[in-house]
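Okay, so here's the structure we're looking at.
There are 4 protein chains.
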Amino acid sequence: MTTTAFLGLGAMGFPMAAHLARQARAAGGRALVWNRTQSRAEAHAREHGSERVDLPGVAGADVIFSCLPTSAEVDEMLARLAGDLRPGTVWVDCTSGHPQAARRQAAALAERGVAFLDAPVSGGTSGAAAGTLTVMVGGDPQVLARVQPDLAFAGKVVHVGEAGAGFAVKAVNNALLAANLWAAGEGLAALARAGVDLGAALDVINASSGRSNASENLIGSRVLTRAFPVTFQLGLLAKDTGIAADVVREAGASAPVLMQVEALMRAAAHTVGAGEDHTAALRLIEQFNDKEIK
Amino acid sequence: MTTTAFLGLGAMGFPMAAHLARQARAAGGRALVWNRTQSRAEAHAREHGSERVDLPGVAGADVIFSCLPTSAEVDEMLARLAGDLRPGTVWVDCTSGHPQAARRQAAALAERGVAFLDAPVSGGTSGAAAGTLTVMVGGDPQVLARVQPDLAFAGKVVHVGEAGAGFAVKAVNNALLAANLWAAGEGLAALARAGVDLGAALDVINASSGRSNASENLIGSRVLTRAFPVTFQLGLLAKDTGIAADVVREAGASAPVLMQVEALMRAAAHTVGAGEDHTAALRLIEQFNDKEIK
Amino acid sequence: MTTTAFLGLGAMGFPMAAHLARQARAAGGRALVWNRTQSRAEAHAREHGSERVDLPGVAGADVIFSCLPTSAEVDEMLARLAGDLRPGTVWVDCTSGHPQAARRQAAALAERGVAFLDAPVSGGTSGAAAGTLTVMVGGDPQVLARVQPDLAFAGKVVHVGEAGAGFAVKAVNNALLAANLWAAGEGLAALARAGVDLGAALDVINASSGRSNASENLIGSRVLTRAFPVTFQLGLLAKDTGIAADVVREAGASAPVLMQVEALMRAAAHTVGAGEDHTAALRLIEQFNDKEIK
Amino acid sequence: MTTTAFLGLGAMGFPMAAHLARQARAAGGRALVWNRTQSRAEAHAREHGSERVDLPGVAGADVIFSCLPTSAEVDEMLARLAGDLRPGTVWVDCTSGHPQAARRQAAALAERGVAFLDAPVSGGTSGAAAGTLTVMVGGDPQVLARVQPDLAFAGKVVHVGEAGAGFAVKAVNNALLAANLWAAGEGLAALARAGVDLGAALDVINASSGRSNASENLIGSRVLTRAFPVTFQLGLLAKDTGIAADVVREAGASAPVLMQVEALMRAAAHTVGAGEDHTAALRLIEQFNDKEIK
Numbered sequence: 009m010t011t012t013a014f015l016g017l018g019a020m021g022f023p024m025a026a027h028l029a030r031q032a033r034a035a036g037g038r039a040l041v042w043n044r045t046q047s048r049a050e051a052h053a054r055e056h057g058s059e060r061v062d063l064p065g066v067a068g069a070d071v072i073f074s075c076l077p078t079s080a081e082v083d084e085m086l087a088r089l090a091g092d093l094r095p096g097t098v099w100v101d102c103t104s105g106h107p108q109a110a111r112r113q114a115a116a117l118a119e120r121g122v123a124f125l126d127a128p129v130s131g132g133t134s135g136a137a138a139g140t141l142t143v144m145v146g147g148d149p150q151v152l153a154r155v156q157p158d159l160a161f162a163g164k165v166v167h168v169g170e171a172g173a174g175f176a177v178k179a180v181n182n183a184l185l186a187a188n189l190w191a192a193g194e195g196l197a198a199l200a201r202a203g204v205d206l207g208a209a210l211d212v213i214n215a216s217s218g219r220s221n222a223s224e225n226l227i228g229s230r231v232l233t234r235a236f237p238v239t240f241q242l243g244l245l246a247k248d249t250g251i252a253a254d255v256v257r258e259a260g261a262s263a264p265v266l267m268q269v270e271a272l273m274r275a276a277a278h279t280v281g282a283g284e285d286h287t288a289a290l291r292l293i294e295q296f297n298d299k300e301i302k
Numbered sequence: 009m010t011t012t013a014f015l016g017l018g019a020m021g022f023p024m025a026a027h028l029a030r031q032a033r034a035a036g037g038r039a040l041v042w043n044r045t046q047s048r049a050e051a052h053a054r055e056h057g058s059e060r061v062d063l064p065g066v067a068g069a070d071v072i073f074s075c076l077p078t079s080a081e082v083d084e085m086l087a088r089l090a091g092d093l094r095p096g097t098v099w100v101d102c103t104s105g106h107p108q109a110a111r112r113q114a115a116a117l118a119e120r121g122v123a124f125l126d127a128p129v130s131g132g133t134s135g136a137a138a139g140t141l142t143v144m145v146g147g148d149p150q151v152l153a154r155v156q157p158d159l160a161f162a163g164k165v166v167h168v169g170e171a172g173a174g175f176a177v178k179a180v181n182n183a184l185l186a187a188n189l190w191a192a193g194e195g196l197a198a199l200a201r202a203g204v205d206l207g208a209a210l211d212v213i214n215a216s217s218g219r220s221n222a223s224e225n226l227i228g229s230r231v232l233t234r235a236f237p238v239t240f241q242l243g244l245l246a247k248d249t250g251i252a253a254d255v256v257r258e259a260g261a262s263a264p265v266l267m268q269v270e271a272l273m274r275a276a277a278h279t280v281g282a283g284e285d286h287t288a289a290l291r292l293i294e295q296f297n298d299k300e301i302k
Numbered sequence: 009m010t011t012t013a014f015l016g017l018g019a020m021g022f023p024m025a026a027h028l029a030r031q032a033r034a035a036g037g038r039a040l041v042w043n044r045t046q047s048r049a050e051a052h053a054r055e056h057g058s059e060r061v062d063l064p065g066v067a068g069a070d071v072i073f074s075c076l077p078t079s080a081e082v083d084e085m086l087a088r089l090a091g092d093l094r095p096g097t098v099w100v101d102c103t104s105g106h107p108q109a110a111r112r113q114a115a116a117l118a119e120r121g122v123a124f125l126d127a128p129v130s131g132g133t134s135g136a137a138a139g140t141l142t143v144m145v146g147g148d149p150q151v152l153a154r155v156q157p158d159l160a161f162a163g164k165v166v167h168v169g170e171a172g173a174g175f176a177v178k179a180v181n182n183a184l185l186a187a188n189l190w191a192a193g194e195g196l197a198a199l200a201r202a203g204v205d206l207g208a209a210l211d212v213i214n215a216s217s218g219r220s221n222a223s224e225n226l227i228g229s230r231v232l233t234r235a236f237p238v239t240f241q242l243g244l245l246a247k248d249t250g251i252a253a254d255v256v257r258e259a260g261a262s263a264p265v266l267m268q269v270e271a272l273m274r275a276a277a278h279t280v281g282a283g284e285d286h287t288a289a290l291r292l293i294e295q296f297n298d299k300e301i302k
Numbered sequence: 009m010t011t012t013a014f015l016g017l018g019a020m021g022f023p024m025a026a027h028l029a030r031q032a033r034a035a036g037g038r039a040l041v042w043n044r045t046q047s048r049a050e051a052h053a054r055e056h057g058s059e060r061v062d063l064p065g066v067a068g069a070d071v072i073f074s075c076l077p078t079s080a081e082v083d084e085m086l087a088r089l090a091g092d093l094r095p096g097t098v099w100v101d102c103t104s105g106h107p108q109a110a111r112r113q114a115a116a117l118a119e120r121g122v123a124f125l126d127a128p129v130s131g132g133t134s135g136a137a138a139g140t141l142t143v144m145v146g147g148d149p150q151v152l153a154r155v156q157p158d159l160a161f162a163g164k165v166v167h168v169g170e171a172g173a174g175f176a177v178k179a180v181n182n183a184l185l186a187a188n189l190w191a192a193g194e195g196l197a198a199l200a201r202a203g204v205d206l207g208a209a210l211d212v213i214n215a216s217s218g219r220s221n222a223s224e225n226l227i228g229s230r231v232l233t234r235a236f237p238v239t240f241q242l243g244l245l246a247k248d249t250g251i252a253a254d255v256v257r258e259a260g261a262s263a264p265v266l267m268q269v270e271a272l273m274r275a276a277a278h279t280v281g282a283g284e285d286h287t288a289a290l291r292l293i294e295q296f297n298d299k300e301i302k
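These protein sequence lines are chains Z, E, H and R, in that order. Count along the first sequence from 1, then add 8; that gives the number in my numbering. Count along the second sequence from 1, then add 8; that gives the number in my numbering. Count along the third sequence from 1, then add 8; that gives the number in my numbering. Count along the fourth sequence from 1, then add 8; that gives the number in my numbering.
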């Protein structure tokens, strides 16, 4: 009978923690939740049967999950909880964090007998709601084996390497999302200027070799419609491509296209607004081309 | 009872023309074939029941299909057949050609009462064999309506705009293929240098938001395996991205990422060899990073 | 005693033709001028002692100079003058034109016994006023030898190759101007965000290895001052980098950085305005960085 | 009567320290030198009248200069000397270091009452020999005022901002060198493929608006000649462009062209060899284009 705790009930964390609560009810365990804005934790307890706790209460859990905006907020949580953490605890960080932070955090927690896994997720808010998230994990595979049954929000769990490797893969995945999205935007803007019908063009591309998750699941519903619903903020995607750029540089690698996309995403965040949906980055392409992608 | 003719029995054209022959048998029509190397046309006639003809004999068809390496070879065919073509004929060019050539060829044929459709295909040799190709068509939609029943090799037919629009969409689709493929290669090379297991990383990406046709259907089977089987030559993909660059420039568009990818594809063709498979472009990324993607 | 004619009395052409008039007075020849807006030709005649002529009158010159916005305007002039041109005439085109146009125009004129040199200039309006322009010439070197004494506006004349080579070198030169200018803008914008004093930074760079004509002669006086005086329009620099991109593509070359700069210049022209000074392209960099370069 | 010490008698440091020794002789001070390989320090003492000391002896100086490959070697020196440094000493680091390291080192030294200036230099080995180096300084301007008379190797000294600003400006300067050099290489390679004479083209560019320090002082003498003499290693330029990329990222800036150049420089270092001259980066462009730049 495991006790879990979940820190950070944001757009992703709220439905993820709901799966922990559901499993706790089914298996007789406990699912603690904490959120900076307490009312959100209270709502979670009310809606999903989790238990709202104060921050020190989190330390009573066997497995602590965190899902926060960046590694900086995880650092802050670790600092505030440091004195309370118990040996044998496993900390599973589902933040889209920084590999350097993961290595540092893992080393610091190891001194207290706490294991750390970087375990970012992919699948968006719909995958979180469905409990079908893909989880990419860095750290000790034996620790992962121990907590894998607790990853109730996961549809697929893959161990990708040592501490930090999970964050590195997540950052690269999101850099590829950014690259595929941006490239599709450029291509469609040029076709629009050339007088081609974009609905037909996208239909063809999605049945052809140039298709991507971005072209199939984002551009039609979010860009061509001009809806740009905010489910994943542009500022966060820019942050993730920046982490990918750090991964590239630390590894002594050369990635000219991903570097250019990182710069353009940051330019888009400055131009279009970091709080807009990530697909609104294509509004910068529209400006480049004096033409809407619609 | 339609008579079709097919010019160019290459890796794509051979199985495409087989579908025309099959349909002719079923519907009581005729399927003529011509190829520069005559023995290949003879083989087609033998294997698929088509009729091998000399080049002037092609002009007897109601619908003439061409599927050649570039628009330059189509120009040559048009020049050699010019005197023989009959009013009312429809020329359907399935080459991955140049929009400027399409407009010029359509205008020249119109003077002889011959209609021209640029109708490039996507789906690769497997789609050609299965008869499930996507066809993107530029030109008069009424002409398309007339010949659509004859596109026996198609799984999906989409009219995308005026003369040249089909070639423009095909070029952009292939530029997106090149961009998605190259970006994935860069990301994986960096992860390889960072010590991440690439099989696991690709598995995660293909279940996540960064996935593309390139990551799902090419990198695992062709790059990680080091097989690089030649089904679509790098030199042809470089040519297609170059056509996309021309589309961008003619439209007064701005596409910094697609332009960079075009340059890198050309560099890869010079470095790795234009006759290698298009996925072998990633060998240039391996050189950039002093690391194999495997 | 040579008779020259000058077509196109724009910001560059007006002072260039003044040097022809001055030399004609000194040597006893004639200097004809023509401009679409006749009042400008009248002003030139009045100020510099040239002779305003109607377009057909241009054909009476031994050497015809043209300095027009693009090769398209040169084509128009050639068409209008075609019937009047006399064998033995030399046409010297100082437009920043397109190599393909030069080859076509040279071939067409050769049929009439008229020699053609593509002879674009560098040095800006100040170099034109001072008569110190650099002239880069493509075409027959013997023809160049014959007319070189007539290039009264030149400080330096260099034969660079066959027909079109002058335009190719000019396009590449301007693409380098664009690249050096843009790179300096990016670097200064980053330093500004980092809190570095840009006047001091530019002072250092101009005494160091990163300096260029752009950093030494443009950024201090035009960008840091926020003056952006219009002496060379952004739209024309974007056009020239586009010609360079065509040179690259026609040659089967790979130039990823110049291609990216071409795309960004076009984006800047769409964003900032094609009629602004070329240095105002850096306003797009300022937008990318949410920071002024000052 | 000041006592100076100089750590690191490499290609730059050796002649820089010679100027310190010359000034010490003239003014009655002392010039100490230290080098990891002692024989080089002995040679310096013999040739220039400096005094070779053991590492702890360095702490006796009033002003300590360091000129080492990277900030990591400076960290090592600081660690080894930490116990010996005296309050009131000024440490002037002429390394092309990292701004983050400067801020960290300045803070650590301040705790011991030692002032730190990041003071990288530009001008190459010839500027070092002539004593005409440009020095860009970050840190307390009053400290700079105090030690400025001791910068005997400088032709120009500019205070550019707080701790780290000197390194930031140096990194950006070198990134501009890399960008200007690479762009010129791309342009010349394309012209070479187009059949243009490169000597003539470079002559024209160097008299025109596309010129840069790279085109004027490096490409003619080092690349066209195929000499590539090693005075500044490609690996170090790649390192410096990497620092510039870090400056960009830390500042939240967007610099798509500099990022691409950084990636290409790293690719060139992996491909051509980090120990080659920085101009040999253009050999990667030659490979991209299957054409020598000569």
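Note that beta-carbon positions come from the ideal geometry of N, C-alpha and C, so glycine has one too.
In summary, the residues of the stretch 171-186 of chain Z whose CB is separated from some CB of chain E by less than 7 Å are Ala173, Ala176, Val177, Val180, Asn181, Asn182, Ala183, Leu184, Leu185, in the order they occur in the chain. Collapsing the DSSP output to three states places H:Phe124 in a strand. Spanning the alpha carbons of H:Phe22 and H:Gly16 requires a straight line of approximately 8 Å. For the stretch 249-267 of chain H, residues whose beta-carbon sits nearer than 9 Å to a beta-carbon of chain E comprise Gly250, Ala253, Asp254, Val256, Arg257, Gly260, Ala261, Ser262, Ala263, Pro264, Val265, Leu266, Met267. Between E:Val168 and E:Gly195 the beta-carbon gap is near 31 Å, outside 8 Å, which marks them as no contact. Annotated as distal: E:Ser262 and Z:Ser217, with beta-carbon spacing of 8 Å or more.
Proximity of the stretch 231-242 of chain H to the stretch 269-289 of chain H meets the contact definition, three or more beta-carbon pairs being nearer than 8 Å. Residue-level contact by beta carbon fails for R:Glu55 and chain H, as no gap is shorter than 8 Å. Here E:Ala277 is buried. Its C-beta has 16 or more other C-beta atoms within 10 Å.
The alpha carbon of E:Leu89 has as its nearest neighbour, out of E:Gly105, E:Pro107, E:Arg120, the alpha carbon of E:Arg120. Distance from the CA atom of Z:Asn188 to the CA atom of Z:Ala215, rounded to whole angstroms, is 16 Å. In the three-state scheme derived from DSSP, where H, G and I count as helix and E and B as strand, R:Gly281 is classed as coil. Put simply, the stretch 206-213 of chain Z touches the stretch 170-182 of chain E. At least three CB pairs are less than 8 Å apart. Beta-bridge partners assigned by DSSP to R:Val98: R:Val71, R:Ala123. Taking a 10 Å sphere around the C-beta of R:Ala110, we find 16 or more other C-beta atoms and assign the residue as buried. One finds Ala275, His278 in chain E with Cβ atoms closer than 8 Å to the Cβ of R:Asn297, taken in chain order. Between H:Gln113 and H:Thr78, the alpha-carbon positions lie close to 13 Å from each other. Residues are counted here when their Cβ sits less than 9 Å from a Cβ of chain H; for the stretch 143-171 of chain R these are Val143, Met144, Gly146, Gly163, Lys164, Val166, His167, Val168, Gly169, Glu170, given in chain order. Judged by DSSP in its simplified three-state form, Z:Met144 adopts strand. The C-alpha of Z:Asp148 is placed about 29 Å away from the C-alpha of Z:Val61. Contact annotation for R:Ile213 against chain H: Asn181, Leu184 [CB-CB distance below 7 Å, chain order].
Secondary structure in the stretch 169-223 of chain H: the alpha helix (DSSP H) runs of 4 residues or longer, each lying completely within the stretch, are 173-201, 206-213 in chain order. Apart from sequence neighbours up to five positions away, the residues of its chain that approach H:Ala13 with a beta-carbon distance below 6 Å are Leu40, Val66, Ala69, Ile72, ordered along the chain. Separation of R:Arg219 and H:Arg219 (C-alpha to C-alpha, rounded to the nearest whole angstrom) is 9 Å.
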